[in-house]
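Novice: Residue 1 is where the sequence shown starts when you use the numbering used here, and the numbers rise one by one after that.
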Amino acid sequence: MSKTYLEWAKENMQLNGQVGRQHQYVQADCLQWLTNAQSQYDLIFIDPPTFSNSKRMEQTFDVQRDHVTLMTNLKRLLRPEGTIVFSNNKRHFKMDMEALHALGLNAQNISHQTLPLDFERNKQIHNCWLITHQS
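1. Rounded to a whole number of angstroms, what is the C-alpha to C-alpha distance between Gly82 and Glu98?
2. For Pro138 and Gln40, I'd like the C-alpha separation in whole angstroms.
3. Grab the span of the alpha helix (DSSP H) containing Ala102 for me, first residue to last.
4. To the nearest angstrom, report how far apart Ser54 and Asn106 are at their CA atoms.
5. Mind reading off the beta-carbon distance from Lys123 to Leu117? Whole number of angstroms is fine, and I expect it under 8 Å.
6. Following the continuous alpha helix (DSSP H) through Gln124, name the residue where it begins and the one where it ends.
7. What's the gap between the Cα of Leu15 and the Cα of Arg91?
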């Protein structure tokens with residue numbers, strides 16, 4: 001939601017040669033934006049905060065409490081062969097596999113493959129999942 005973060009994103013995309021109209025930079029309440037979004041995507045990368053009570057949001061966000069609702073909204077935007085990369089830094093995060101399966105989603109934990117060097121001393125704080133539609 002921060003204009004500063006959006007500017008950083010634009011700069012990083014430009015540095016990596018990723019420019020053009022196909023990239024969007026939106027300042028919005030992410031949860032509200034997801035509810036209203038209509039497009040579908042091949043790849044969705046999401047790294048939500050562990051907790052947020054931003055004044056710009058209608059309600060608080062807790063990644064443990066709200067990740068299934070988040071996945072429900074993301075599933076609608078994910079193309080049939082698409083992938084969601086879901087990353088978070090909540091210590092002892094537990095993916096609700098039962099709820100994801102009920103949504104028709106598979107989740108593969110790839111945390112060990114994506115652990116940054118600065119997290120090696122405390123591996124419990126990094127979580128990363130590949131989420132796809134069930135076949």
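Quick reminder that beta carbons are idealized off the backbone N, C-alpha and C, glycines included.
In this text the structure is predicted, and so the values were computed from the model without any measurement.
Specialist: Taking the definition as stated:
1. 20 Å
2. With the chain represented from 1 up to 135, any question about residue 138 goes unanswered, as that position is not in the structure.
3. 97-102
4. 31 Å
5. About 12 Å; that fails the 8 Å criterion.
6. It is not in any alpha helix (DSSP H) - Gln124 carries neither H nor E in the DSSP assignment.
7. 32 Å
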